[in-house]
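Colleague: Just so you know, the sequences run in chain order E and B.
When we follow the working numbering, the leftmost residue of the first sequence carries the number 31, and every step to the right adds one.
When we follow the working numbering, the leftmost residue of the second sequence carries the number 25, and every step to the right adds one.
Backbone N, C-alpha and C define an ideal beta-carbon position, used for all residues, glycine too.
What follows is a structure written as structure tokens; I'll ask about it next.
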Amino acid sequence: MTVPTAAIQALRDVVGEQWVKSTSVELETFATDGLPTHNSRPGAVVIPGSRDEVVSVLRLLDHFDVPFVARGAGTGLSGGALAGSDAVMVVLTRLNRILEIDPVNRRAVVEPGVVNTKLSEVTDHVGLSYAPDPSSQTVCTIGGNVAENAGGPHCLKYGVTSNHILEVEVALPNGDLVTLGSPGGESWGPDLVGLFVGSEGMFGIATQITVRLTPTPAIARTLLADFSSLRTAGEAVTQVISAGILPAALEMMDQNSVAVVEESIYSAGYPTDAAAVLIVELDGMDKDSVESEAAQAEAILRRAGARAVKSATDPTQRARLWQGRKKTFGALGRIAPDLVVQDAVVPRSALPDILERIAEIAAEFDLPVCNVFHAGDGNLHPNLSFSRSEPGVLHRVKEAATAIMHACIDAGGTITGEHGVGADKIHLMPLVFDAETISLMRELRRAFDPAEQANPGKVLPLHVCRDAAEADASQ
Amino acid sequence: MIARQIGSLLGDHTLVGEDSDGTPRVAPRTDDACSIVLSKAAKEGWRVRVQGTGSWNTTDAPADLALSTSNLTGVTEVSPADLVASVRAGTPWEELRLSLLDHEAWIPLDPPGAARSVGSVVATGTAGPLRSGFGTLRDQILGLTFVTGDGRIIRAGGKVVKNVAGYDIAKLLAGSFGAFGVITSVNFRLRTVPRADQTLFAAGDRDALIRAARAILGSGETPAALELISPRAGGADEWTLALRLRGSEPAVAAQTTVAADVAAPAILRRAELKSASGFWKQLCAGATGGETTLRMGALPSALESTLDLLAHHLDEKCDDWITVSVTTGSVRWTGNATPDHIRLFRGMCAQQEVPIILERAPWRIRSEVGHFGAYRGRVDTIVESIRGAFDPAQVLLVPLSAGQ
């Protein structure tokens, strides 16, 4: 199946010649997202420049019966923003205007293509920021964050994307515009904003988003604690959280991650002989209270077995402590050409056991693994390094990733905390949801998209759905 | 007749008699029993009203069968290390609160009303003053189990603090007044109880107190609660501004000083912990003082005009029970008003982009006005379509919008 030539021509008429890509070279750019294990070239790419153009594009695709996939910066890590040759990719990076900053009500109105950090840069002078901070925040878009319900290190204290979205204007797959939520965040009906955020582009395209802004903390203190075993580091996480301290961030890096970072240009001065390091950040408006919480956290970390705890308050020192964490993925490029960033969640108290289990699985499949993740949330990111030129390696990577997911589910967790299901984890959905629930999710999707044209083939394994099963039985 | 059919399906022990209006009442003990009742209702075309303790919405919907959550009780799991608790829907909110306190854990939510069940709080999505600092109900829920109108048992979300597997059905269920299913159990995200708890009061003119509250917010603070309270609701001669700070002792001490400075000329007075606790409890309980309770969602900067509109349409004598979360712009009112008045007021507010939610009222008002309304654009089509998916036989008697 391909996209009809007439449809592509009609798209050109709507957005202009240069904003429709259809040659194979042009399309190759859009054939992967941040996850290298999935690859699919779209039938065509259209890059509308305004909400009205998005609406016209969707009407047109509806008319031609062509499915579509919305995409922001393409930094997603679940193969979610990939389109097949029968589908058109709608890229939203040109819708990048910040429409309104409203400091009194602590909110901003943005178009979906606004880059995450750009918003905080603009609101910084009024003492406010947009809190969700995925690692890709310097390039990823807020529209993509909404689709995936993106998280980030500081979501431990400030909440994930879903906690920061008040109102969304959505272009439905047939081109109709609908506004969910209200400017103040109260709902006109059931919580469709909560449902839309994280729906992975399967309900429509967000064309305008009202976000909540958060007062920027006046002071922050960052601690770096190093441990001689993964287990004690994992236990320390639980002890900090259950002591009633709510750090802004609580991140863990294991020895492999530390080694990779320290050998790279991003070296942050982490002790390379440590089995794990924890980065704990405390923040607030008042210096004394932040200092007091930091002292308390430091005491807990030492009691829990930390060999040493470093502390930094000035921005340069803090940036250095964070640098290694934020640049780990870049540094990992040094050890192998390809990397799969995995994403799973376990109850915090299960961290010590699950980290050992992940190491066993990696050894079993003979793949280097390093863990760099949001420990305070129990949100794991085991990263598997490999070289795709090695025969059969992709299969081994997939098997290892699946084994890790099984282990996390067995520990009471789930298959994704912030990267989404996309194409990558669709086969794992039946492990966490029964057929009734997946069928109901499909019906929910149909309430927005009856023809199932928005991002088809993602998230929901349709073969397990109730009506599919019934249809098979009746044949 | 219906009672006999239910008795033969589940055993007579699940039938707990009749409501005062003669409606047979069933109180299933398990999710499966709940599923059996609802799938039978869907087949037979019965209309079912779901009820908890009956302390919030009146149990007067004209149903063929009342389904009570009174046998679905108990805090089934509290994990202080993971800060997660699971509780069955019929459990009294107060019981949950006390049981968490044993573990020094806390859900930062102070729902309006008294003697409510967990299911009622979640189904109606009612948050109290603490929404200022900690968000609303949706922000405290990790997952829930519910039974659809035709008896499917659905487990949405989970027990972990971050979860983006599949669509967020738990958020859809929270605050949808039971239109999509009967909630049977809920997993909550917990916090450890903050050590310090300081309440400060100022009294005076409504708009002067709003200005003081804005000055507090302008200093960058996000208080646990920042509530403007009408004379009736505060049991005072004037309006009250109640500021509640929760956190570590040094943080609360610092916030207290800053707030007192920036609130001037309003004078903030510290309250003793015991009297403050009593005040907040009484304030929450007061939300059922009138026949009807409404919630308005204004922008914080538009509070004065929203309150003027409220006074003009529903509170002509300016002596009603009103509380306002200045941080979020959420206004709660309880009193007596005719359906026509509420509809007119809702229309006026809709023109200002202010949604009004009918949180509680007798059936004659609920059914005429609807919990929600003034939907914009195609939202009503989407909601009806979702409803059709969750409750195809229209078993659940919930007037989501006007005239249902």
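#1: Suppose the cutoff is 8 Å on Cβ atoms and the five residues either side in sequence are ignored; what does the same chain contact list for L414/E look like?
#2: Could you list which residues in chain E have their beta carbon closer than 9 Å to that of L424/B, in chain order?
#3: Between I26/B and T246/B, what straight-line distance do the alpha-carbon atoms span, to the nearest angstrom?
#4: With a threshold of 16 other CB atoms inside 10 Å of the CB of K341/B, please say whether the residue is buried or exposed.
#5: What does the Cβ neighbour count give for I291/B, buried or exposed, with the cut at 16 atoms within 10 Å?
#6: Which stretch, first to last residue, makes up the beta strand (DSSP E) that contains K488/E?
#7: For a contact meaning CB atoms closer than 7 Å, what does N81/B contact in chain E?
#8: Which class does T191/E belong to by DSSP, given the choice of helix, strand or coil?
#9: Is it buried or exposed, K187/E, if we count other Cβ atoms within 10 angstroms and call 16 or more buried?
#10: According to DSSP, T356/B sits in a beta bridge with which residue or residues?
#11: When the Cα of T93/B is compared with those of A66/B, G143/B, A87/B, L120/B, which residue comes out closest?
#12: With a threshold of 16 other CB atoms inside 10 Å of the CB of I275/E, please say whether the residue is buried or exposed.
#13: Is the beta carbon of I295/E less than 8 Å from the beta carbon of T252/E?
#14: By the criterion of Cβ-Cβ separation under 7 Å, what are the contact partners of V489/E in chain B?
#15: Any beta-carbon of chain E closer than 8 Å to the one on A211/B?
#16: Please list, in chain order, all residues of the same chain as E328/B whose beta carbon is under 7 Å from its beta carbon, the five residues on each side excluded.
#17: Going by beta-carbon coordinates alone, are N11/E and D106/B separated by less than 8 Å?
#18: Where P48/B and V74/B are concerned, what is the direct C-alpha to C-alpha distance, given to the nearest angstrom?
#19: Measure the Cβ-Cβ separation of L62/B and V72/B and say whether it is below 8 Å.
#20: For V267/E, is the beta carbon positioned less than 7 Å from some heavy atom of the ligand MG?
#21: By the 8 Å beta-carbon criterion, what residues does the region 100 to 111 of chain B contribute toward chain E?
#22: Helix, strand or coil for F478/E, going by three-state DSSP, please let me know.
#23: Mapping DSSP to helix, strand and coil, what is H437/B?
#24: Give the interface partners of P218/B over in chain E, defined as CB-CB distance under 8 Å, in chain order.
#25: Buried or exposed: where does A349/E fall if 16 or more other Cβ atoms within 10 Å of its Cβ makes it buried?
#26: Measuring straight from C-alpha to C-alpha, what distance separates G412/B and Q418/B?
#27: Counting C-beta neighbours from all protein chains within 10 Å, is the total for R127/E 16 or more, i.e. buried, or is it exposed?
#28: Helix, strand or coil: which one does DSSP assign to M25/B?
#29: In whole angstroms, give me the CA-to-CA distance for A57/B and S32/B.
#30: Are the Cβ atoms of F94/E and A117/E separated by less than 8 Å?
#31: State the CB to CB distance for the pair L41/E and V50/E, rounded to an integer number of angstroms; the pair is presumed to be in contact (CB under 8 Å).
#32: For L424/B, which residues of its own chain have a beta-carbon under 8 Å away from its beta-carbon, when the five flanking residues on both sides are left out?
#33: Expressed to the nearest angstrom, what Euclidean distance is found between the alpha-carbon atoms of P247/E and T82/B?
#34: Among the residues of its own chain, which have a CB less than 6 Å from the CB of K195/B, if the five just before and after it don't count?
#35: Compare the C-beta of R176/B with all C-beta atoms of chain E and state if any pair is closer than 8 Å.
#36: In chain E, what lies closer than 7 Å to R400/B by C-beta?
Modeller: This is what the structure gives:
#1: By one-based count along the first sequence, residue 414/E stands at place 384. Exclusion of the five residues before and after L414/E leaves L369, V370, Q372, A392, L397, P398, V399, V427, A430, A431 as the residues of its chain whose Cβ lies within less than 8 Å of its Cβ.
#2: By 1-based counting over the second sequence, the position of residue 424/B is 400. Neighbours of L424/B on chain E, chain order: G219, P220.
#3: The count along the second sequence starts at 1 and reaches residue 26/B at position 2. The count along the second sequence starts at 1 and reaches residue 246/B at position 222. So the alpha carbons of these two residues sit roughly 52 Å apart.
#4: By one-based count along the second sequence, residue 341/B stands at place 317. It is exposed - the Cβ of K341/B has fewer than 16 other Cβ atoms within 10 Å.
#5: Numbered from its first residue, the second sequence carries residue 291/B at position 267. That one is exposed.
#6: On the first sequence, position 458 is the one that residue 488/E refers to. First-last for K488/E: undefined, no H or E at that position.
#7: Within the second sequence, numbered from 1, the residue matching residue 81/B stands at position 57. Chain E residues near N81/B: none, gap ~16 Å exceeds 7 Å.
#8: Residue numbering aside, residue 191/E sits at position 161 when the first sequence is read from its first letter. Correct three-state label for T191/E: helix.
#9: Translated into the one-based positions of the first sequence, residue 187/E becomes position 157. Counting C-beta atoms within 10 angstroms of its own C-beta, K187/E has 16 or more neighbours from the protein chains shown and is therefore classed as buried.
#10: By one-based count along the second sequence, residue 356/B stands at place 332. Contrary to the premise, residue 356/B reads as Arg rather than Thr in this sequence. DSSP lists R319/B, T347/B as partners of R356/B.
#11: On the second sequence, residue 93/B is found 69 positions in, with the first residue counted as 1. Selection A66/B, G143/B, A87/B, L120/B evaluated against T93/B yields G143/B as nearest (Cα-Cα).
#12: On the first sequence, residue 275/E is found 245 positions in, with the first residue counted as 1. I275/E is buried by the Cβ-count criterion.
#13: On the first sequence, residue 295/E is found 265 positions in, with the first residue counted as 1. On the first sequence, residue 252/E is found 222 positions in, with the first residue counted as 1. Not in contact: I295/E and T252/E (Cβ atoms no closer than 8 Å).
#14: Here residue 489/E refers to the residue found at position 459 of the first sequence. Under the 7 Å cutoff, chain B gives G190.
#15: Here residue 211/B corresponds to residue number 187 of the second sequence, with the count starting at 1. The residue you asked about is not Ala; residue 211/B is Asn in the sequence shown. No - not a single Cβ of chain E is within 8 Å of the one on N211/B.
#16: Along the second sequence, read from residue 1 onward, the residue named residue 328/B stands at position 304. Here E328/B has D231, I234 as same chain residues with Cβ atoms under 7 Å from its own Cβ, once five neighbours each way along the sequence are excluded.
#17: Any answer about residue 11/E is impossible in this case: the structure gives chain E only from 31 up to 505.
#18: Counting from one through the second sequence, the residue named residue 48/B turns up at place 24. Counting from one through the second sequence, the residue named residue 74/B turns up at place 50. Near 12 Å, if we compare the C-alpha coordinates of V74/B and P48/B.
#19: Locating residue 62/B in the second sequence gives position 38, where the first residue counts as 1. Locating residue 72/B in the second sequence gives position 48, where the first residue counts as 1. Here L62/B is near V72/B, since their CB atoms are less than 8 Å apart.
#20: The ligand MG is not among the ligands present in this structure, which contains no ligands whatsoever.
#21: When C-beta distances to chain E are compared with 8 Å, the residues of the region 100 to 111 of chain B below that value are S103, P104, A105, D106, L107, V108, in chain order.
#22: The sequence position of residue 478/E within the first sequence is 448, counting from 1. In this structure, F478/E counts as helix in the three-state DSSP scheme.
#23: Nothing in the structure corresponds to residue 437/B, since chain B is present only between 25 and 428.
#24: Along the second sequence, one-based indexing puts residue 218/B at 194. Under the 8 Å cutoff, chain E gives G274.
#25: By one-based count along the first sequence, residue 349/E stands at place 319. Counting C-beta atoms within 10 angstroms of its own C-beta, A349/E has fewer than 16 neighbours from the protein chains shown and is therefore classed as exposed.
#26: Locating residue 412/B in the second sequence gives position 388, where the first residue counts as 1. Locating residue 418/B in the second sequence gives position 394, where the first residue counts as 1. When rounded, the distance between both Cα atoms is 8 Å.
#27: The count along the first sequence starts at 1 and reaches residue 127/E at position 97. Counting Cβ neighbours within 10 Å, R127/E comes out exposed, since fewer than 16 surround it.
#28: Counted from its first residue, the second sequence places residue 25/B at position 1. Coil at M25/B, not helix or strand.
#29: Reading the second sequence from its first residue, position 33 is the one you call residue 57/B. Reading the second sequence from its first residue, position 8 is the one you call residue 32/B. Rounded to whole angstroms, A57/B and S32/B show a C-alpha spacing of 12 Å.
#30: Mapped onto the first sequence, residue 94/E falls at position 64. Mapped onto the first sequence, residue 117/E falls at position 87. For the pair F94/E and A117/E, the CB atoms are not nearer than the 8 Å cut-off.
#31: As a working mapping, residue 41/E is identified with position 11 in the first sequence. As a working mapping, residue 50/E is identified with position 20 in the first sequence. Taking C-beta atoms under 8 Å as the contact rule, L41/E and V50/E qualify, at a distance of about 5 Å.
#32: By 1-based counting over the second sequence, the position of residue 424/B is 400. Hits under 8 Å: S200, F201, A203, G394, H395, F396, V407, R411.
#33: Indexing the first sequence from 1 puts residue 247/E at position 217. Indexing the second sequence from 1 puts residue 82/B at position 58. Each residue's Cα considered, the two are about 45 Å apart.
#34: Numbered from its first residue, the second sequence carries residue 195/B at position 171. So the qualifying residues of the chain are R162.
#35: Taking the first residue of the second sequence as 1, we reach residue 176/B at position 152. Closer than 8 Å to the CB of R176/B there is at least one CB belonging to chain E.
#36: Translated into the one-based positions of the second sequence, residue 400/B becomes position 376. Against R400/B, the close residues of chain E are T209, W218, in the order they occur along the chain (beta-carbon pairs closer than 7 Å).
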